[in-house]
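Worksheet: one structure, shown below.
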Amino acid sequence: MKAYLLLCCVLLTACSSLPPAISDPPHYDLSYSEASQNLTKYKNAPVRWGGVIVDVANEENRSLIQILSYPLSSQGRPLTDQPHQGRFVISSPEFLDPAVYEKDTQITVAGMLAGEIDRTVDKKVLHLPLLSLTALHLWPDYTNNPMYGSYGTYNAYYGYPGWGGAFYRPIFFPPPR
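Residue numbers (mature numbering (1 follows the signal peptide of the UniProt record, and there is no 0)): -23 to -1, 1 to 154.
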């Protein structure tokens, strides 16, 4: 019996698709607003932030992604229905393809607060927090997926797809009123 329980635990932990740095926040989860008020105090602090990609710039030795910051859910996904907190930039020594990391994609990153960087938005120069990247996760877009309804969220009326609810009623019809 213990062997079956151990096997189940191993299989369930293998199903997690998030990197551990994304799924588990740092011991002290430093918020964006705290860090942006005093960047020198929190230099080299581990952070887990997320938001929506605004811009990708590839330089000779690094790639920079500018992100519009949003608060995170308990799973680490950006809560884009909340007000945004500002912008930050992540730096990676690897090439990050703008075709993969495209604008308006939700992303969660983990890294170390490396200081600040100046970025020009329109004609205004902003001093933004800079993170040296440890891990990142791009979130899938469910807005046009009929399995998740027309509102981009899971439609609980039909039950879990593959657990019986989707087999008894077509999932692309709206619920009766």
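Built from N, CA and C at the ideal position, the CB exists for glycine as well.
- Each residue's CA atom was taken as its position, placing W26 and I94 some 17 angstroms apart.
- Between P55 and Q14, the C-beta gap is not smaller than 9 angstroms, which leaves the two residues out of contact.
- Three or more Cβ pairs drawn from the region 107 to 117 and the region 71 to 91 lie within less than 8 angstroms of each other, which places the two stretches in contact.
- As the crow flies, the alpha-carbon of S10 is around 12 angstroms from that of P60.
- A check of alpha carbon separations from L49 across I67, P(-4), Q62 and L41 identifies Q62 as the nearest.
- The beta strand (DSSP E) runs of length 3 or more contained entirely in the region 32 to 110 are, from start to end of the chain, 40 to 47, 63 to 69 and 83 to 98.
- Boundaries of the alpha helix (DSSP H) harbouring Y9: Y9 to Q14, taken from the DSSP string.
- Judged by their CB atoms, V33 and K80 are nearer to each other than the 9 angstroms cut-off.
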